[in-house]
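Each remark here refers to the structure printed beneath this line.
In our numbering, the protein residues as written are 1 to 94.
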């Protein structure tokens, strides 16, 4: 019954998630869904601990209601593509 309730909340975008952002690697992770903020907060330390053991740095976590489209989002290194939306152009000359 609880799973059905969580599925209903998730469909409406009312489920609770733990959003964890790390600087290295530059990623955003979503853990959930949960029926209540308290359940998500109780699970949060475990996710942070796992990421720390994997070597992640500068970890920030927040519990919030959302409907993530992806559970893991890897942000490209800004040094590789300094201007968002602009791709490098290559000439056909060799």
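Glycine included, every Cβ here is placed at the ideal spot set by N, Cα and C.
Everything numeric in this text was worked out from a predicted model, so none of it was measured.
#1: Closer than 8 Å is the cut-off here; do at least three beta carbon pairs connect the region 65 to 73 with the region 19 to 31?
#2: Any idea what DSSP makes of residue 60, helix, strand or coil?
#3: Since residue 56 and residue 18 are thought to touch, with beta carbons under 8 Å apart, how far apart are those beta carbons, to the nearest angstrom?
#4: Residues in the same chain with beta-carbon distance under 8 Å from residue 47, minus the five sequence neighbours each way, listed in chain order, please.
#5: Can you tell which of 2, 23 and 63 has its C-alpha closest to the C-alpha of residue 76?
#6: Can you tell me which of 1, 41, 16 and 58 puts its alpha carbon nearest to the alpha carbon of residue 35?
#7: Any idea if residue 42 is buried or exposed, counting beta-carbon neighbours within 10 angstroms, 16 or more meaning buried?
Let me spell this out:
#1: Below 8 Å, enough C-beta pairs join the region 65 to 73 and the region 19 to 31 to call them touching: three or more.
#2: Residue 60: strand per DSSP, three-state reduction.
#3: The distance from the Cβ of residue 56 to that of residue 18 is about 14 Å, inconsistent with a contact at the 8 Å cut-off.
#4: 18, 20, 29, 31 and 61
#5: 23
#6: 16
#7: exposed
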